[in-house]
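Sequence order for the protein chains is A and B.
Going by the numbering used here, the first sequence opens with residue 16, and the numbers climb by one from there.
Going by the numbering used here, the second sequence opens with residue 826, and the numbers climb by one from there.
Note that beta-carbon positions come from the ideal geometry of N, C-alpha and C, so glycine has one too.
Heads up, the thing below is written out as structure tokens.
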Amino acid sequence: MAQRKALNVNGKAVNVTVDDPDMPLLYALRDNLALHGPRFGCGLGQCGACTVHVDGKAVRSCVTPLSRITARQKVVTLEGLGTPQRLHPVQKAFIDTQAAQCGYCINGMIMESAAFLASNRKPTDAEIKKALANNLCRCGTHGRIVAAVKRAAGVA
Amino acid sequence: MHTIPSRRDMLKGGGALVVSFSLAPQLRAARAQGALAAKPVVLTEVDSFLSIDAKGLVKVYSGKVDLGTGVATALRQIVAEELDVPLASVDLVQGDSMLTPDQGKTWGSLTIQIGGMQLRNAAATAKGALIDEAAKRLGVEKAALRVSDGVVTAGGKRTTYAELIGGKSFALKLDHSKPAQPKDPRDHRIVGKPVPRVDIPDKMMGRFTYIQDFRVPGMLHGRVVRPPALGATLESVDEGSVKNVAGLVQVVREGNFLGVVARSEWGAIKAAEQIKATWSKWEGLPEQEKLFGHVRATKVEKDDITSNVGNTAEAMTQGTRKLAATYDFAIHTHGSIGPSCAVAEFKDGKLTSWSASQATHDLRKQLAEMFGMPVENVRCIYLEGSGCYGRNGHEDAAGDAALLAKAVGRPVRVQWSRADEHGWDPKGPPTLMDLRASLDAAGNVTAWESEFYIPQQTAGSFMVPLTPATLANLPQKGDIAPGNIFQNSAIPYKFANIKTVCHRLESTPFRPSWIRTPGRMQNTYANECFMDELAAAAGADPIEFRLRYLDPNDRRGIEVLERLMALAKWETRRSPQVGGGNIASGRGVSYVKYELARTYVGVVADVEVDRPTGKIRVSRIFMTHDCGQIINPDGLRNQIDGNILQTISRTLIEELKFDRSMVTSLDWASYPILTFPDIPEIVVELINQPNAPPWGAGEPSAAVVPSAISNAVFDATGVRLRSIPYTPDKVKAAMRGGA
């Protein structure tokens, strides 16, 4: 049965119509709202490609039922993190470091790092690696990603 | 019809060129009417590869595609450099069977080496014709012309590429065996520079369209329901089991192919999870514990003798010391972070397929065969997916999408699940390798023999069968296509007696394909480990030992190793240098001349072995790398880092798990890969050869990593690891039994 669900995404109040209230947030963002920052990687919360912010915290949208998100919670995707004119410092650092190969995992890397840096402004290498330990990259861009996070934190 | 003059005629005089230019408006008119087929895609015409529009914008058509490695930028650099136009004025169309030339699959580290050089030839040929035409129009000698940013000047006179050719066809022939003279590398301003990648800003902002993001109007969402056992047959389907799924459009069954189509992606996922089907039992896989016994027992179809020097049989009996070792290398999955995806649409008897296929011209033939259609009625268009590192599931997903789209009469997008990808992408086959050598009393190698047990290549087509065609019993060639996995079974060392043989096996347990550095990785692994075993037996420094046997005329190989010694601050050593304590440290070396014909790589790996836990940590990697002329050094470094890290993962961690029916490592928990806390420091020295041809870099640096790690573990512990992956359990068992 189709039902409307109110959400706050990237600073805007939006409604999505879904058949199943337990559909993961990822599909509402990608299919209903045409946002392509969050990516489908595993659907199991194992790889991090789908990461978004919910009230500033990094959340795996592929295993977060829509029913658990309220209209008062602020959902932010990669598209809402910065704008082309005013990039988020982490986005800018990733571009400046050329920290991507295929880039499929990068949404998760940026969203996870941005949430992490908000709570730890001057992290060590080991802290960055630990913060990203549950984000998978298959191309082997790890070194550049760590360098980009350090650059964003001003500790490079 | 006008006859297209040969390039030689072109160069003889401008007359022919004017003819073709003057005829060009006819072609332009034809294209404006929608007759896109007018654009040639043959390898022998400039128009196949590039066009320049009335604004001077250059459009490049490449059959080789960017699989996430950055070549979309590097290919633009090559063309922009050769034409003397700004990089920003070059656009790139990739992998469209209707628009781009068939330059072969995007594989084998050939995109720059072959594809890029074909583009360079097209651009140099176009530039030559443009200069000829400019000289004529401006009434000056060619030597007096200067070109910058697509503007041709001579003193106060000026014209532009846009004025010279804008929107018209070049109608120039190409002969890639006799390419046009390219620019002198001393004049390069774009090639050789660390130009930022064109795709990265969009990828960092969520604005890039991957295949997984692509949508067409009226599109439905499909999911496949694969059998629970590889060879199971579908006995029955209970369509009532998915009746309550909102938005379900159709259950599609054809032979053993089962799929669901729904209005929403989530509806398709739910239906695929919920559907009840009965499958036959099938247990045709070997026992995992006995995998390499199975490989050894598999029927040999033929032997490929890849090198044969002197008489090893005789020499092996004469040495004073003989060594023999057997190595094995596990089955690996591609493990793309984004599972395979495709969109297909049948319209007016024609099929359009969008996918991340690395070979759209080949996929086109496969889909045409599968559906019994003329190949002209199939168009395959590439859209970048997640990094694939070889032939993963994208082509299969393209077949799935086409099958479902045909069944429902609407465009369908198929997104594979994580389990689909881990379970059903084609695999890197298991590899078993026996090596033997003899040494004389002075520690010189007198004979080298090796045997590689690898699946056969059944046809020259290198087309991996499409799983949906197999399941649905639709027509296709039943090839076994693991790729050119015999490469690097022969060795770069000049021993007096050498025999290297590949036993091509009738079959291999899983549908094989190529995964980064196919065969070259496994073969180099065994060769370079065994070389280390010989050096240790001879009491020699492992780098000095290799240098002793390299061809003294092969200066670039020698330079790679000499510079590696300086980079890694290598001190002459004999392995093992077993240290005490819980953490044993060591360093190992490896070397490859890729396919014995191109890119040279040397590597030193520093490792720490935790004796109580058996865990290996690679702490540092030093690498020297000569792939000839470097197009983009930053992109090259990025690629090399990736090869190193991915191969550390494959060496230490990765192993496909299976029972008698099916793959059981269907997610990242059961098929883990390297994560951030375990990455080493990487130090790479690029050796640029501006005046040499550019060679491949997508694979060679991966070839040397497993052996360097194995050799370093021996240096640290005195224990030889010969079975990949080097899991803690295997390391502990080896330490208990060895040294």
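Next item on the list: Report the residues of the segment 122-144 of chain A with a CB closer than 7 angstroms to any CB of chain B, ordered along the chain.
Entry: N122, I125, K144
Item checked: Cutoff 7 angstroms; reference B:A860; Cβ partners in own chain excluding five residues on either side -> The predicted model places B:A860 with a pLDDT of 41, which falls under 50 and marks its position as unreliable; any figure quoted below should be read in that light. Around B:A860: no qualifying Cβ.
Margin query: Here's a check: name, in chain order, each residue in its chain whose Cβ is nearer than 8 angstroms to the Cβ of B:D1366, leaving out the five neighbours to either side.
Written below: Excluding its 5 nearest sequence neighbours in each direction, B:D1366 has C-beta neighbours in its own chain below 8 angstroms: A1360, T1397, R1398, R1399, listed in chain order.
Next item on the list: Starting from B:N1463, follow the alpha helix (DSSP H) in both directions and report where the run begins and ends.
Entry: 1458-1477
Notebook entry, point to check: Does the Cβ-Cβ distance between B:Q1514 and B:E1420 come in under 8 angstroms?
Noted result: One thing to note: B:Q1514 has its Cβ no nearer than 8 angstroms to the Cβ of B:E1420.
Note to self: Quick check on the burial criterion: 16 or more other C-beta atoms within 10 angstroms. Buried or exposed for A:T139?
What the structure shows: exposed
Item checked: Where A:V161 meets chain B, residues with beta-carbon distance less than 8 angstroms -> F1501, I1504
Next item on the list: Helix, strand or coil for B:H1247, going by three-state DSSP, please let me know.
Entry: helix
Item checked: Residue environment, A:V170, which counts as buried when at least 16 other CB atoms sit within 10 Å -> exposed
Next item on the list: Alpha carbon to alpha carbon, how far is B:A1155 from A:L27? Give it in angstroms, no decimals.
Entry: The identity of residue 27 of chain A in the sequence shown is Lys, whereas the question assumes Leu. Distance between the alpha carbons of A:K27 and B:A1155: 50 angstroms.
Check: A:H51 versus chain B: which residues are under 9 angstroms apart at the beta carbon?
Finding: G1031, R1032, F1033, T1034, Y1035, Q1037, D1038
Notebook entry, point to check: List, in order along the chain, the chain A residues whose C-beta lies closer than 7 angstroms to that of B:G1469?
Noted result: Sequence inspection shows Ile at residue 1469 of chain B; the Gly mentioned does not correspond to that position. By Cβ distance, chain A contributes G155.
Margin query: I'd like the span of the beta strand (DSSP E) that includes B:N777, first residue to last.
Written below: This structure leaves residue 777 of chain B out entirely; chain B is present only between 826 and 1564.
Next item on the list: List the residues of chain B whose Cβ lies closer than 9 angstroms to the Cβ of A:I84, in chain order.
Entry: Here the premise fails: no neighbours, minimum Cβ distance about 15 angstroms.
Next item on the list: Please report the Cβ distance between B:V915 and B:T925, rounded to the nearest whole angstrom; I am assuming they are in contact, meaning their Cβ atoms lie under 8 angstroms.
Entry: Not quite, the Cβ-Cβ distance comes to about 15 angstroms (not below 8 angstroms), so this is no contact.
Check: Among all the DSSP beta bridges, which residues are the ones paired with B:A1272?
Finding: DSSP, once it has assigned bridges, lists B:S1263 as partnering B:A1272.
Item checked: Partners in chain B for A:D46, counting only beta-carbon separations shorter than 7 angstroms -> S1089, E1090
Check: Who are the near neighbours of B:K1175 in its chain, counting only those whose CB is closer than 6 angstroms to its CB and skipping five residues on each side?
Finding: N1202
Margin query: So, with DSSP's three-state summary, where would you put B:G941?
Written below: helix
Check: Along chain B, which residues have their Cβ under 9 angstroms away from the Cβ of A:A64?
Finding: I1162, G1163, S1211
Next item on the list: Can you give me the Cβ contacts of B:S1061 inside the same chain, cut-off strictly under 6 angstroms, excluding the 5 residues immediately before and after it?
Entry: T1103
Check: So, are the CB atoms of B:V1077 and B:L955 less than 8 angstroms apart?
Finding: Contact flag unset, no.
Next item on the list: Assign B:R832 to buried or exposed, taking buried as 16 or more other Cβ atoms, counted over all protein chains shown, within 10 Å of its Cβ.
Entry: The pLDDT assigned to B:R832 is 37, lower than 50, so where the model puts this residue is not dependable; a value taken from the coordinates is nonetheless given after this. Result: buried.
Notebook entry, point to check: Can you name, in chain order, every residue of its own chain whose Cβ lies under 6 angstroms from the Cβ of B:A1537, other than the five neighbours on each side?
Noted result: Answer for B:A1537: G1411, R1412, G1413, A1430, V1432, listed in chain order.
Checklist line | Closer than 8 angstroms at the beta carbon, the chain A residues around B:D1366 | finding: What B:D1366 touches in chain A: nothing, since even the nearest Cβ is about 30 angstroms away.
Item checked: Own chain residues within Cβ distance below 6 angstroms of B:W1179, not counting five before or after -> By the criterion of a C-beta distance shorter than 6 angstroms, B:W1179 is surrounded in its chain by F1039, V1168, I1206, L1208, once the five residues flanking it on both sides are discounted.
Notebook entry, point to check: How would you call A:R19, buried or exposed, if buried means at least 16 neighbouring beta carbons within 10 angstroms?
Noted result: exposed
Next item on the list: Rounded to whole angstroms, what's the CA-CA distance from B:T1283 to B:D1129? Just pull it up for me.
Entry: 13 angstroms
Checklist line | C-beta atoms of B:Q938 and B:G888 nearer than 8 angstroms | finding: Going by C-beta atoms, B:Q938 is not nearer than 8 angstroms to B:G888.
Margin query: Quick check on this structure: which residue in B:S1415, B:I1473, B:M1448, B:T1177 has the alpha carbon closest to the alpha carbon of B:I1441?
Written below: B:I1473
Check: Quick one, which residues of the segment 1446-1458 of chain B are near chain A if we go by CB-CB under 8 angstroms, in chain order?
Finding: none
Checklist line | B:D1225 to B:A1087 span [Cα, whole Å] | finding: 14 angstroms
Notebook entry, point to check: Is it right to say A:M16 is buried, meaning 16 or more other beta carbons lie within 10 angstroms of its own, or is it exposed?
Noted result: exposed
Note to self: List, in chain order, every chain B residue whose beta-carbon is nearer than 8 angstroms to that of A:A148.
What the structure shows: T1500, F1501, P1502
Check: B:S1242 versus chain A: which residues are under 8 angstroms apart at the beta carbon?
Finding: G58
Next item on the list: Return no unless some Cβ of chain B is closer than 8 angstroms to the Cβ of A:T79.
Entry: Answer no: the Cβ-Cβ gap between A:T79 and chain B never drops below 8 angstroms.
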